[in-house]
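Peer 1:
Written out as structure tokens, the structure reads:
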């Protein structure tokens, strides 16, 4: 059976914010995982992405969870 897909978010639109140190947070080098999270209190879905530190314990990368609100 054919499947369809829908673009929910284009990470290119925030590449500059994810690829440099901002507000004291290290850069996100690559996204390792993505999943729908729990339904928010306003009834909308959340989208959770995770980036790891690539074994860079003393570098400028940090394992991070980033949560987005999905607005249809």
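In the working numbering, the protein residues as written are -15 to 56.
Yeah, the Cβ is synthetic: ideal placement off N, Cα and C, and Gly gets one too.
Quantities reported herein were computed from a predicted structural model and do not represent experimental measurements.
(1) Below 8 Å on the Cβ atoms is my guess for residue 31 versus residue -7; work out the distance and round it to an integer in Å.
(2) Tell me the DSSP secondary structure of residue 1 in three-state form.
(3) When we look at the beta-carbon of residue 51 and count the other beta-carbons within 10 Å, is it buried (16 or more) or exposed?
(4) Do you know offhand how far residue 38's Cα is from residue 45's?
(5) Considering only C-alpha positions, which residue in the set -2, 14 and -15 is nearest to residue 47?
(6) Would you tell me roughly how many angstroms separate the C-alpha atoms of residue 34 and residue 26, rounded to the nearest one?
(7) Roughly how many whole angstroms lie between the Cα atoms of residue -2 and residue -14?
Peer 2: Let's see:
(1) 7 Å
(2) helix
(3) exposed
(4) 8 Å
(5) 14
(6) 23 Å
(7) 31 Å
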